[in-house]
Amino acid sequence: MNSFQLPESNAMERIRLHYTEDRELSESDMKIKDRWETAHSLLISDSENKTNSAKILSKKFGITITCAYNDIRNAQNLFGNVHTASKQAMRHMISEWCIDLHRMAKTIKNFKSVEKAIERFTKANNLDKEDQDIIDAAKIQPPVQLLSVNFNFINSPMFKLIDESAQKALLQLYDEFMAQVKLSPLADYTDMFKIDDSVRNLKK
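Per the numbering used here, the very first residue in the sequence shown carries number 38; after that it's consecutive.
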């Protein structure tokens with residue numbers, strides 16, 4: 038691990054570099070890091086109640102409430118606000134913790150903890166489930182196609198100028214539509230959709 042020293046007042050940057058560049062921390066900085074990690078974990082489980090989180094931190098680490106609130110603020114600055122953190126960012130951070138736990142457990146040959154670290158990493162990344170990116174074809178709904186026909190066009194002079202097969206197709210569509218209208222609550226209003234019968238005088 039790389040050794041690195043920053044001014045005593047800049048614990049935030051020292052701990053940030055510990056995560057990003059594997060810089061070595063002093064014993065006092067490790068204690069601060071542990072408090073900030075705990076603060077972040079508490080915020081994840083109860084992000085709406087910082088008061089409870091501060092009380093737990095104060096009792097667990099024997100620090101003042103003011104110091105506990107400072108730890109919560111620093112944890113949010115270091116790890117991000119849990120309200121805005123994306124699932125992907127959270128998953129990445131948990132994965133890093135699992136990797137650290139695996140490394141430490143392997144060093145001391147604690148194979149039970151090694152197995153637990155792998156298990157948590159697997160669950161955090163959904164590796165124990167089917168591929169999340171594969172689309173379930175059964176859930177794909179075909180798009181609804183809506184054909185809109187202005188029946189006034191059939192009554193217009195332009196209708197007789199279009200291709201004869203297109204005229205027949207439109208008239209057939211019109212007849213099918215009217216058949217459905219007559220079976221619906223709109224049956225009394227079929228006059229609204231009537232066309233000029235002269236347009237049916239097509240060449241045979």
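Glycine is no exception: its CB is placed at the ideal position from the N, C-alpha and C atoms. These numbers were taken from a predicted model, which means no experiment stands behind them.
- A Cβ-Cβ separation of about 15 angstroms leaves Val-151 out of contact with Lys-160 under the 8 angstroms criterion.
- Pairwise C-beta distances place the segment 65-82 in contact with the segment 94-103, as three or more of them are shorter than 8 angstroms.
- With a cut-off of 8 angstroms on Cβ pairs, the segment 105-117 is not in contact with the segment 131-138, counting fewer than three such pairs.
- A straight-line Cα-Cα distance of about 8 angstroms links Ile-109 and Lys-87.
- With fewer than 16 other beta carbons inside 10 angstroms of its own, Leu-220 counts as exposed.
- Across the structure, Phe-214 and Arg-237 are spaced so that their CA atoms are roughly 16 angstroms apart.
- Taking C-beta atoms under 8 angstroms as the contact rule, Asp-66 and Ile-52 qualify, at a distance of about 6 angstroms.
- For Cys-135, the closest C-alpha among the options Arg-157, Leu-223 and Lys-146 is that of Arg-157.
- Distance from the CA of Asp-165 to the CA of Lys-68, rounded to the nearest whole angstrom, comes to 34 angstroms.
- When DSSP assignments are scanned along the segment 185-225, the uninterrupted stretches of alpha helix (DSSP H) that are 4 or more residues long and fall wholly within it turn out to be 188-192 and 201-219.
- For Ile-93, the enclosing alpha helix (DSSP H) stretches over residues 87-98.
- In this structure Leu-198 is exposed. Its beta-carbon is surrounded by fewer than 16 other beta-carbon atoms within 10 angstroms.
- Residue range 102-116 is occupied by the alpha helix (DSSP H) that includes Asn-107.
- Nearest to Ile-232 by alpha-carbon distance, out of Phe-196, Pro-222, Phe-98 and Glu-201, is Phe-196.
- A residue is called buried once 16 or more other Cβ atoms fall within 10 Å of its Cβ, and Leu-223, having fewer, is exposed.
- In this structure, the CA atom of Leu-138 is about 27 angstroms from the CA atom of Asn-89.
- If you draw a 10 Å sphere on the C-beta of Arg-140, you find fewer than 16 other C-beta atoms in it, and that means exposed.
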